[in-house]
Ligand SMILES: [Zn+2]
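Numbering (my numbering), first residue to last: 10 to 255.
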């Protein structure tokens with residue numbers, strides 16, 4: 010009887026110790042993985058910051074063709090690009106996310122136009138992004154055959170030029186080679202002395218997404234499918250530039 014009691018006690022101790030070890034090890038592994046997961050997520054989520062600047066807004070429509078306004082096309086595309094970049098765990102800041110102009114956010118004693126640009130510059134500089142992209146739409150009333158996408162960088166910024174090259178190559182691949190089936194040639198990247206490129210500290214580009222004075226571009230820019238392809242190309246170009254930034 011005593012021998013049996015000892016056996017049962019030993020068995021009980023063995024089971025208890027095993028159970029304790031099992032619970033301890035499982036908790037340790039789970040917690041460890043949990044921390045790893047949080048670390049990985051925050052590491053990815055905050056490793057890259059991008060500012061997207063949809064040009065014009067509010068009182069300033071930019072260029073227009075009938076009731077098609079540049080400010081609306083710029084904003085629509087910016088919102089699409091933001092959504093795609095956020096899926097890649099990139100922090101995205103928009104200079105505007107609705108139909109407003111930004112002069113009220115500037116303390117500069119200057120014209121409305123200059124104060125609007127100053128506010129955009131401050132948003133870009135104060136958020137210290139890895140890069141920024143300013144979105145505009147072009148128009149050339151005296152040259153209606155002018156069409157296509159233009160990418161500009163500040164001539165003195167080598168990093169901006171590299172970003173322009175990366176985004177250019179992805180747009181060429183997705184929009185020109187794939188979507189437009191090489192029916193049109195894309196412009197090469199070009200230096201541009203624009204305020205938003207010149208006065209900002211982080212590297213960035215200005216993209217002109219098409220000409221409202223060209224019938225093909227005007228038609229394309231209103232198409233949901235083209236807008237989504239363009240947003241995809243710009244966001245992929247940004248990711249490509251971020252992964253290969255110095
Ligand atoms: Zn514009």
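Where a beta carbon is used, it is the ideal one built from N, C-alpha and C, also for glycine. Only a predicted model underlies this, so the values are computations on that prediction, with no experimental measurement involved.
For residue i, does the count of other Cβ atoms within 10 angstroms reach 16, so buried, or fall short, so exposed?
i: residue 150; result: exposed
i: residue 2; result: This structure leaves residue 2 out entirely; the chain is present only between 10 and 255.
i: residue 250; result: buried
i: residue 87; result: buried
i: residue 152; result: exposed
i: residue 107; result: exposed
i: residue 217; result: buried
i: residue 96; result: exposed
i: residue 110; result: buried
i: residue 127; result: buried
i: residue 211; result: buried
i: residue 79; result: buried
i: residue 169; result: buried
i: residue 138; result: buried
i: residue 223; result: buried
i: residue 116; result: exposed
Hey, residue i and residue j: beta-carbon distance below 7 Å or not?
i: residue 136; j: residue 248; result: no
i: residue 205; j: residue 177; result: no
i: residue 140; j: residue 244; result: no
i: residue 215; j: residue 228; result: no
i: residue 75; j: residue 175; result: no
i: residue 188; j: residue 195; result: no
Of the residues the options, which one's Cα is nearest the Cα of residue i?
i: residue 98; options: 56, 193, 89; result: 56
i: residue 142; options: 126, 157, 161, 238; result: 161
i: residue 207; options: 181, 232, 166, 240; result: 166
i: residue 213; options: 121, 164, 85; result: 164
i: residue 83; options: 181, 94, 133, 221; result: 221
i: residue 69; options: 120, 211, 101; result: 120
i: residue 181; options: 85, 102, 241; result: 241
i: residue 219; options: 158, 101, 78, 100; result: 158
i: residue 85; options: 201, 254, 237; result: 237
i: residue 131; options: 173, 209, 229, 185; result: 209
i: residue 233; options: 74, 186, 89, 187; result: 89
i: residue 239; options: 200, 179, 225, 253; result: 179
i: residue 101; options: 225, 201, 58; result: 58
i: residue 105; options: 81, 254, 201; result: 81
I think residue i touches residue j, with their Cβ atoms under 8 Å apart; what is that distance to the nearest whole Å?
i: residue 124; j: residue 112; result: 4 Å
i: residue 145; j: residue 66; result: With 8 Å as the limit, residue 145 and residue 66 do not qualify as a contact, their Cβ atoms being about 12 Å apart.
i: residue 148; j: residue 72; result: 4 Å
i: residue 77; j: residue 231; result: 7 Å
i: residue 133; j: residue 62; result: 7 Å
Shell residues, 6 Å Cβ cut-off relative to heavy atoms of ligand 1 | Going by the Cβ distance cut-off, the answer is 64, 65, 71, 79, 145.
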